[in-house]
Amino acid sequence: MSNGFMSLHDPADSPALFDLPPAGPDFALEQSAKARGLWPVAGCDEAGRGPLAGPVVAAAVILDPHRIPDGLNDSKKLSAKRREDLFEKIMADAIVSIASSGPALIDRINILAASLDAMRRAVCGLSRPPALVLADGRDRPPGIACGAEAVIKGDGRSLSIAAASIIAKVTRDRMMTAAGVFYPDYGFDVHAGYGTARHLTAITEAGPCPLHRRSFRPIRDYGRIAGEAARDIVDG
1 MSNGFMSLHD
11 PADSPALFDL
21 PPAGPDFALE
31 QSAKARGLWP
41 VAGCDEAGRG
51 PLAGPVVAAA
61 VILDPHRIPD
71 GLNDSKKLSA
81 KRREDLFEKI
91 MADAIVSIAS
101 SGPALIDRIN
111 ILAASLDAMR
121 RAVCGLSRPP
131 ALVLADGRDR
141 PPGIACGAEA
151 VIKGDGRSLS
161 IAAASIIAKV
171 TRDRMMTAAG
181 VFYPDYGFDV
191 HAGYGTARHL
201 TAITEAGPCP
211 LHRRSFRPIR
221 DYGRIAGEAA
231 RDIVDG
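Numbered per the UniProt record's numbering, the sequence shown finishes at 236, counting up by one with no gaps.
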C-alpha cells in the first residue's frame, strides 16, 4: 500500500545504480600501484591540443597523499578562479614539472607527437623519479625510464592526473594571456588560441602570426590562398 512516501527497496533490486561512474577523481589508481610496489606515482596531462595557435603544455605531478588539495577535478570542469586557486596549492604541496612544445615543433612532427614529447619532458623533469606514470588519454609518453599506463578520461578518474591537468591548463592560459600583449590583434588573452569567430576573423584580416600552427586548418588554407593570390598578382 502506498503511504505517499517513496517505498524502500533492497539495493540488489537496482544493480544499475552501482554501475554509475564516480562523482570525480580519486586516489584508487595510485593506491593500486603502491600496493604493487610502484611508488611514487606521477599523473601527467596536457593542455592545448586543439587551438590554432600557441604551444601545447604538459605537466607531471606527484601528489603528497597527506596533502591533496580539496576539489581536484578535470580542469575543464572548474572555473578559472578555482583552477588558479588549486594551481597555487598544487605548486606548494606537490612535486611538479612543466614542459611545452611550440608551434614549430607541432607543425614539424604533428600535434599528437608534440604532445607526447612534452609529456615525456615533463616526466623527465620531475625532481623525484616516479615508479609509474599515469598518462591521460590513449597514448603513453615514449622514452621515459619507468612504466606508464594510459588512462582514458584520466583527469576525471585520477587525482594525480587531475592535478596535472590543472597545472597544464593554467600555465598555458597564462602563456596565451602574455601572448595577447605581443599580438593584440588576435585576442589570445580571451580565447587562448582556439578557433572562435573573433579569432578566425582576425586571421582573415591580419593573416597568421608566428604563434599560429601552419599545419592546422584554416591556417594551412590561408597560406595556400594567400600564395595563390600572390601568384595571380605576379602573373597579372
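Even for Gly, the Cβ is constructed at its ideal location relative to N, Cα and C.
Residues of its chain near residue i, where Cβ-Cβ distance is below 8 Å and the 5 sequence neighbours each way are ignored
| i | result |
| --- | --- |
| R67 | D93, A94 |
| L52 | G193, Y194, G195, H199, I203, H212, R213, F216, P218, I219 |
Proximity below 7 Å, CB of residue i to CB of residue j
| i | j | result |
| --- | --- | --- |
| G102 | P55 | yes |
| A59 | I203 | no |
| A135 | P141 | yes |
| S127 | D45 | no |
| V96 | V41 | no |
| G48 | R220 | no |
| R83 | A99 | no |
| D64 | A162 | no |
| V190 | F87 | no |
| V123 | I144 | yes |
Close Cβ partners of residue i (< 7 Å) along its chain, the five nearest in sequence each way excluded
| i | result |
| --- | --- |
| D26 | L159 |
| A150 | A135, G137, R138, D139, R140 |
| D107 | R213, R214, S215 |
| C209 | Y183, Y186 |
Residues bridged to residue i (per DSSP)
| i | result |
| --- | --- |
| R95 | Here residue 95 is Ile; the residue named in the question, Arg, does not match the sequence. Looking at the DSSP assignment, I95 forms a beta bridge with I62. |
| D136 | V151 |
| G43 | V61, L134 |
| H212 | A53 |
| S32 | DSSP, once it has assigned bridges, lists no residue as partnering S32. |
| S160 | Answer is none; S160 lacks a bridge partner. |
Residue i - DSSP class collapsed to helix/strand/coil
| i | result |
| --- | --- |
| C124 | helix |
| D70 | coil |
| S115 | helix |
| S165 | helix |
| S79 | coil |
| D26 | strand |
| S101 | strand |
| G236 | Caution is warranted here: a pLDDT of 46 is assigned to G236, below 50, making its placement in the model unreliable, and no coordinate value can be reported. |
| I90 | helix |
| G180 | helix |
| D85 | helix |
Chain-order list of residues whose beta-carbon lies under 6 Å from that of residue i (same chain, five-residue window excluded)
| i | result |
| --- | --- |
| F188 | M176, A179, G180 |
| L38 | A131, L132 |
| D155 | D45, D74, D136, I161, A162, S165 |
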